[in-house]
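Student: The structure's right below; bear with me while I get my questions together.
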Amino acid sequence: MKSPLITMSALVGKPSGEDIFNYLNDLKKNGIDEVMIYPRSGCLIEYLSEEWFCAIGDFIKSAESLDMSIWLYDDFNWPSGDACGRVTENEEFRLKSIKIDGDDIGKISSKSKHNSDIFGEKFFPDLMNPKAVDYFISLTHEEYYKRFSSYFGTVIKGIFTDEPSIGYSSQNGFLLYYDGIEDDYKSSYDKDFFHDLHSHSEDFCKNAMKLASARFKEAYINKLSLWCKSHGILMTGHLMCDNEPFYSVKYNGDFLKNLSAFPLPGIDEIDTCLEDRSLMPLLGGIEYAGKGKGAMAELFALGPCDMSYAKKRCMLYLTACHGVDHYFLAISHMDISGNMHVCDYFSDFAVAQPDFGGMRLLSEEAKTACSLAKKDYSPDLYIRFPTDISLKNASRDFDLTVLFSLLNELAYHGIQWKYILDEAPTDAPTIELDDTPQLILNINAVSIGDVISMLDKKAITDTYGECVKGIFRRRFDDGTSVILNLYAPEGSYIIDGETLYLYEHDVILNKPNLPSKKEAINSSFMVNYCNPNTVRLMCLNDSKCAFACAEGELNVRFALRKDTKIKIDGASPELEADYNPLPKGICEHYNITKVQSIKAEKTIIECQNDLKYMPSAMVIGDFSATIINKETCGVRLTKRKEIYNIGEKISDFGKVELLARVRVPQGAVGIELLGTKLYTMLYLDEYPSGEKINAPYIFGIRKELWGKEIELKIVQFSSIGPIFGDVDYWDKNAKRSQWRGTPSTGETHFGFDEINWVY
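First residue of the sequence shown: 7, per our numbering; consecutive thereafter.
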């Protein structure tokens with residue numbers, strides 16, 4: 007079985023055919039079988055030029071030789087439907103809106119640019135216009151097929167459409183408009199469009215939005231779906247604002263019907279914020295749209311860059327419990343130069359991550375997770391998706407907090423639910439929302455507490471019997487049970503009457519057989535640092551200087567971004583021609599200085615244009631680093647530890663080995679590490695004893711080692727996060743930071759709290 011992990015591979019820079027092959031080969035060796043070619047800001051190849059298609063050809067041929075699969079992306083950046091501005095060059099193909107209140111009520115706008123919080127002032131394509139969509143397909147899909155038809159349905163599996171929407175004109179006071187809506191309105195409702203508009207008819211907004219929604223589905227979604235089907239591939243992707251039920255309707259019309267029309271429907275879950283109130287509504291939407299046929303999720307882009315494998319694994323299982331069996335990983339960088347253009351978010355699925363080898367284990371977990379996606383379960387409750395009240399209020403903002411609160415409370419109490427639209431199920435009660443909005447059950451208003459009391463599961467509590475937030479439980483009809491610790495503290499919980507110990511971001515698919523007897527290993531370890539440490543020098547906002555100092559005298563090098571002028575203590579530094587220890591995909595963008603000494607007094611680094619995920623300057627060498635002034639990222643450098651004592655933590659970057667001589671006791675079946683989140687490998691006398699990306703970190707022992715003195719070697723790998731420092735601090739303090747992803751840890755800690763023999 008091929009891995010269901012699919013990297014969203016950012017095509018930036020100007021890679022050669024050899025670069026592309028090497029990149030795909032690195033992915034393949036680390037458990038990735040499928041990639042999506044994702045053109046984004048920072049690409050130096052003209053989109054849709056012959057040079058562009060040559061690069062795509064290099065991807066396809068390299069993938070074929072490596073037994074990998076390719077997914078195409080149907081635009082440049084997002085949203086889809088414009089072919090990087092080519093479609094909206096024609097005024098007829100620009101999205102239209104109509105003013106529905108105020109002095110200029112009835113005014114139709116198409117020539118002026120629409121305003122979007124994300125994209126600013128720009129033209130958006132009219133995806134309700136069949137001619138505009140045909141033109142888009144001719145520029146993109148048809149051009150790919152013209153050149154690569156022999157690969158369609160074999161190497162090329164599908165095409166991804168990203169956040170197409172009819173609602174980019176949907177600021178308050180406006181409504182979607184398309185040519186011919188007046189005739190459709192008359193035909194559908196036997197009413198005059200402009201009469202109902204000017205008279206503020208109660209049902210005008212809902213009726214007009216239903217027509218726009220149907221037009222979008224027919225002109226764009228069905229048209230792309232049919233094209234893909236007739237050419238032997240899948241259409242997938244996701245719609246705009248899919249995590250907010252009201253805004254999903256405001257931007258897409260009848261959201262669930264339109265998403266269900268995708269052959270492989272998808273969601274946008276790039277935040278990976280498991281505490282977010284909109285997560286459960288989002289997952290309910292994709293579960294409805296997938297309906298057992300499979301679904302995809304775009305994951306992790308706002309991750310952040312030091313998200314643990316345990317959290318990634320937990321998210322895979324959570325989406326699988328809602329029918330998702332294709333996992334698009336955002337983003338995999340051939341190199342990180344795109345961060346000069348889209349500089350506020352970063353998660354990297356590529357060999358620049360020192361711990362990327364752990365992807366092989368995550369890939370195997372993904373195969374297990376996706377096996378759950380086709381399983382069904384019986385709900386305790388149905389929720390009628392609030393399509394009608396959202397359509398009715400689509401020209402303004404509408405607060406659905408009560409829905410978010412309900413769905414999250416249901417999850418906390420282990421109560422299973424599903425969305426419905428027009429269905430009238432009889433096997434479980436149905437909750438609806440009225441115009442207030444408030445919850446309605448059997449025509450009566452009810453509170454969230456009423457609903458919880460009625461279903462009375464009490465399936466998830468702490469050991470004192472109190473309801474716990476952050477633990478998710480799914481009971482499938484075939485008897486399979488899945489328990490996920492989304493964000494509850496590590497510890498013991500009562501779940502369905504049974505006491506279970508849950509690690510952070512734990513996944514319990516089958517009850518683990520944990521050791522009953524442990525014996526502490528009391529030993530000091532020698533430390534082997536396998537690469538130089540690397541730490542950024544942050545110049546936040548208007549600051550142009552950072553500094554470094556040392557306890558004693560240390561020899562270091564500096565990595566200086568090639569596109570910016572940098573001085574060290576007022577002088578231009580001497581550069582090293584043949585040495586660059588930075589990871590692949592990063593080293594190409596930095597010059598490395600010759601060795602120089604850092605002393606107790608400050609060494610001042612003057613730099614320009616420091617970016618969140620493209621530091622202007624980094625310091626590299628054999629040191630430990632402590633940030634002493636975050637505003638200017640002053641760092642104090644000290645000598646690295648040579649001896650590691652259990653319970654200490656080492657802040658570093660890359661790969662670290664911990665080595666000790668130990669005698670293996672009789673009867674020991676394993677070694678357990680407690681208190682780490684890192685990708686970890688263990689060796690006994692250089693013989694590999696396993697690798698782990700999540701707790702429990704238990705490694706097996708061969709019987710023939712009992713009673714012998716051996717070398718115990720523990721190898722741990724960091725993420726790429728330490729290079730970028732405390733990006734959570736950047737988010738909170740930078741004037742120009744837009745995205746707010748999951749907070750980073752700020753630094754990576756090698757080591758562990760305890761190490762035990764287990765019996």
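Idealized CB from N, CA, C, for every residue including glycine.
Per the DSSP calculation, Asn249 is bridged to which residue(s)?
Tutor: According to DSSP, Asn249 bridges with nothing at all.
Student: Less than 8 Å between the beta carbons of Pro310 and Ser353, yes or no?
Tutor: Cβ distance < 8 Å, so Pro310 and Ser353 count as in contact.
Student: If we ignore side chains and look at the alpha-carbon of each, how far apart do Arg667 and Tyr689 end up?
Tutor: Cα to Cα, Arg667 sits roughly 12 Å from Tyr689.
Student: On a Cα-Cα basis, can you pick out the residue from Ser384, Thr540, Glu753, Leu643 that is closest to Asp312?
Tutor: Ranking the options by Cα distance to Asp312, first place goes to Glu753.
Student: Drop a sphere of 10 angstroms on the beta-carbon of Leu265, count the other beta-carbons inside from all chains shown, and report buried for 16 or more, exposed for fewer.
Tutor: By the neighbour-count rule (16 or more Cβ atoms within 10 Å), Leu265 is buried.
Student: So within the region 301-341, which uninterrupted beta strand (DSSP E) runs reach at least 3 residues, ignoring any that extend past its ends?
Tutor: Listed in chain order, they are 302-305, 332-339.
Student: State the start and end residues of the unbroken alpha helix (DSSP H) segment that holds Lys719.
Tutor: Unbroken run through Lys719 is the beta strand (DSSP E), 715-723; no alpha helix (DSSP H).
Student: Can you say whether His419 is buried or exposed, counting buried as having 16 or more other CB atoms within 10 angstroms of its CB?
Tutor: Classification for His419: buried.
Student: How is Asp394 classed by DSSP in three states: helix, strand or coil?
Tutor: Correct three-state label for Asp394: helix.
Student: Determine the direct distance from the alpha carbon of Ile51 to that of Glu57, and round the result to whole angstroms.
Tutor: Cα-Cα distance, rounded: 7 Å.
Student: Using only the alpha-carbon positions, how far apart do Asp484 and Lys647 sit?
Tutor: The alpha-carbon atoms of Asp484 and Lys647 are separated by roughly 53 Å.
Student: Which residues in the same chain as Ser254 place their Cβ atom closer than 6 Å to its Cβ, once the five residues preceding and following it in sequence are excluded?
Tutor: Here the set comprises Cys247, Asp248, Phe261.
Student: Just how far apart, CA to CA, sit Ile239 and Asp80?
Tutor: C-alpha separation (whole angstroms): 13 Å.
Student: Restricting to Cα atoms, I'd like to know which of Leu378, Thr442, Leu335 is closest to Thr407.
Tutor: Cα-wise, what sits closest to Thr407 is Thr442.
Student: In its own chain, which residues sit with a C-beta less than 8 Å from the C-beta of Thr374, not counting the 5 before and 5 after it?
Tutor: Cβ within range, chain order: Leu515.
Student: Any idea which residues DSSP pairs Cys555 with across the strands?
Tutor: Bridge partners of Cys555: Arg642.
Student: When burial is assigned at 16 or more other CB atoms within 10 Å of the CB, is Arg542 buried or exposed?
Tutor: With 16 or more other Cβ atoms within 10 Å, it is buried.
Student: What's the C-alpha gap between Gly706 and Glu697?
Tutor: Distance between the alpha carbons of Gly706 and Glu697: 10 Å.
Student: Please report the distance separating the alpha-carbon of Asp658 from that of Leu506.
Tutor: Their backbone Cα atoms lie some 34 Å apart in a straight line.
Student: Pick out the complete beta strand (DSSP E) segments inside the region 441-513, 3 residues or longer, and give them in chain order.
Tutor: List check, beta strand (DSSP E) in window: 445-447, 450-452, 466-468, 477-481, 487-491, 497-501, 504-508.
Student: Would you call Thr393 buried or exposed, if buried means 16 or more other Cβ atoms sit within 10 Å of its Cβ?
Tutor: Under this definition Thr393 is a buried residue.
Student: Okay, do the region 553-572 and the region 592-604 touch, 3+ Cβ pairs below 8 Å being the bar?
Tutor: The region 553-572, when compared against the region 592-604, does touch it at the 8 Å Cβ threshold.
Student: Taking 7 Å as the cut-off, is the C-beta of Glu293 nearer than that to any heavy atom in the ligand ATP?
Tutor: Judged by which ligands are present, the structure shown has none, so any question about the ligand ATP falls away.
Student: Considering only C-alpha positions, which residue in the set Phe334, Gly476, Ser487 is nearest to Ile12?
Tutor: When only C-alpha atoms are compared, the closest one is Phe334.
Student: Keeping to the same chain, check which residues put their C-beta closer than 7 Å to that of Ala16; ignore five residues upstream and five downstream.
Tutor: So the qualifying residues of the chain are Tyr44, Arg46, Ile337, Ser338, His339, Met340, Gly344.
Student: Within 10 angstroms of its Cβ, does Thr609 collect 16 or more other Cβ (buried), or is it exposed?
Tutor: Looking at its Cβ environment, which holds 16 or more other Cβ atoms inside 10 Å, Thr609 is buried.
Student: Just curious, the beta strand (DSSP E) that His206 is in, first and last residue?
Tutor: Premise fails: His206 is in no beta strand (DSSP E) and is neither H nor E.
Student: Can you check which of these residues, Ala465, Lys463, Ala430, Asp462, is closest to Asn448 by C-alpha distance?
Tutor: The shortest C-alpha separation from Asn448 is found at Ala430.
Student: Grab the span of the alpha helix (DSSP H) containing Ser15 for me, first residue to last.
Tutor: Unbroken run through Ser15 is the beta strand (DSSP E), 11-19; no alpha helix (DSSP H).
Student: Mind checking whether Leu305 and Ile342 have CB atoms under 8 Å apart?
Tutor: Not a contact, by the Cβ cut-off of 8 Å.
Student: Suppose you measure from the CA of Arg153 to the CA of Gly63; what does that come to, to the nearest Å?
Tutor: One C-alpha to the other measures close to 8 Å.
Student: If you follow the beta strand (DSSP E) that Phe166 is in, where does it begin and where does it stop?
Tutor: Looking at the DSSP string, the run of the beta strand (DSSP E) that includes Phe166 is 162-168.
Student: Is Ala372 helix, strand or coil by DSSP?
Tutor: Looking at Ala372 - three-state DSSP - the assignment turns out to be helix.
Student: When the distance is taken between beta carbons, is Ile699 closer than 8 Å to Ala358?
Tutor: No, the Cβ-Cβ distance between Ala358 and Ile699 is not below 8 Å.
Student: Going by Cα to Cα distance, which pick from Cys49, Phe59, Ala69, Leu54 is closest to Val41?
Tutor: Selected option, being the one with the closest Cα: Ala69.
Student: Rounding to the nearest angstrom, what Cα-Cα distance links Phe180 and Glu208 in this structure?
Tutor: If you take the alpha carbons of Phe180 and Glu208, they lie about 16 Å apart.
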